[in-house]
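Counting from 1, position 19 in the sequence shown corresponds to residue 19 in the numbering used here; the numbering is continuous, with no gaps. Just below is one structure, and these are the notes that go with it.
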Amino acid sequence: MFIIDGRSAKPIYEQIVDQVKEQLLKGILKSGDQLPSVRQLAGMLTINPNTVSKAYQELERQKVIETIRGRGTFVCALPMKKVDEEKMAELYQTLKNICIELHYMGLEEEEIVAQVDKVFKELRGEKNEH
């Protein structure tokens, strides 16, 4: 279900958060699907339960999952929610910095847009032509 890269600079809980969101986007996880309990997932990944708990708390804060006492943790329906303006500004700056880096690596605007398109195709599970 999840793959943890122990050599990554990204904290393990963030890797879990990112993978849950990616699997939801790809349709691997769907609204209403039950996630493993904190202890189960910690055991499967051989990590500390506190790390899984931190990931689940962050996913709940983002309204991606919800925990129902006595029943488990479930994927929420994709909400039609108001955009988090602060998060949007942060992500815009990140995207801008990536575009600048790609430009200075020698890529033209069309090539950068093609790379973004490639990412979305991958997330949708489509095969890339190259």
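Here a beta-carbon is modelled for each residue, glycine too, at the ideal position from N, C-alpha and C. Just so it is clear, the structure is predicted and the values come from calculations on it, not from any experiment.
Sub-8 Å separation of residue i and residue j beta-carbons
| i | j | result |
| --- | --- | --- |
| K26 | G125 | yes |
| L45 | V17 | no |
| I4 | I65 | no |
Backbone secondary structure at residue i - three-state DSSP
| i | result |
| --- | --- |
| V64 | coil |
| L29 | coil |
| F2 | coil |
| T46 | coil |
| L107 | coil |
Buried versus exposed, by CB contacts within 10 Å (16 or more), residue i
| i | result |
| --- | --- |
| V20 | buried |
| T123 | The question names Thr, but residue 123 in the sequence shown is Leu. The residue in question, L123, is exposed, as its Cβ has fewer than 16 Cβ neighbours within 10 Å. |
| Y104 | exposed |
(Q) Using a Cβ distance threshold of 8 Å, determine whether the stretch 92-109 contacts the stretch 37-57, with at least three qualifying pairs required. (A) no
Q: Give a yes or no on contact between the stretch 62-78 and the stretch 24-40, applying the rule of three or more CB pairs nearer than 8 Å.
A: yes
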